[in-house]
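So the sequence shown is numbered by this note's numbering: it starts at 4 and just counts up by one. Encoded as structure tokens, the structure appears first; notes follow it.
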Amino acid sequence: MRELRAVSGLTYDALAERTGMSRRGVIEYEQGRTNGTMRHWYRIAQALNVPFSEFVKVLD
């Protein structure tokens, strides 16, 4: 996720705003501190302009 966020040029704050998540939540997802929900992973994939199916492959 970190690489995808970096390539997209988004900060934690910008990604949080696009996904409706908190900044802390975005950081926890990126650092693997939480498994999260599919809904949040879907929102993150959309915000990063990555097809959800491809995003799931990256997570795997």
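Yeah, the Cβ is synthetic: ideal placement off N, Cα and C, and Gly gets one too.
(request) For the alpha helix (DSSP H) holding T22, just list the boundary residues, first then last. (result) Its alpha helix (DSSP H) spans residues Y15 to T22.
(message) Taking 6 Å as the limit between beta carbons, can you name the residues of its chain near P51, skipping five residues before and five after?
(response) The residue you asked about is not Pro; residue 51 is Leu in the sequence shown. Result list for L51: L7 and S11, in chain order.
(message) Can you tell me whether V53 is helix, strand or coil according to DSSP?
(response) Looking at V53 - three-state DSSP - the assignment turns out to be coil, as it is neither helix nor strand.
(message) Is it buried or exposed, A48, if we count other Cβ atoms within 10 angstroms and call 16 or more buried?
(response) Buried.
(message) Taking only three categories from DSSP, how would you classify M4?
(response) Look at M4 here: in three-state DSSP terms it is coil, with no helix or strand label.
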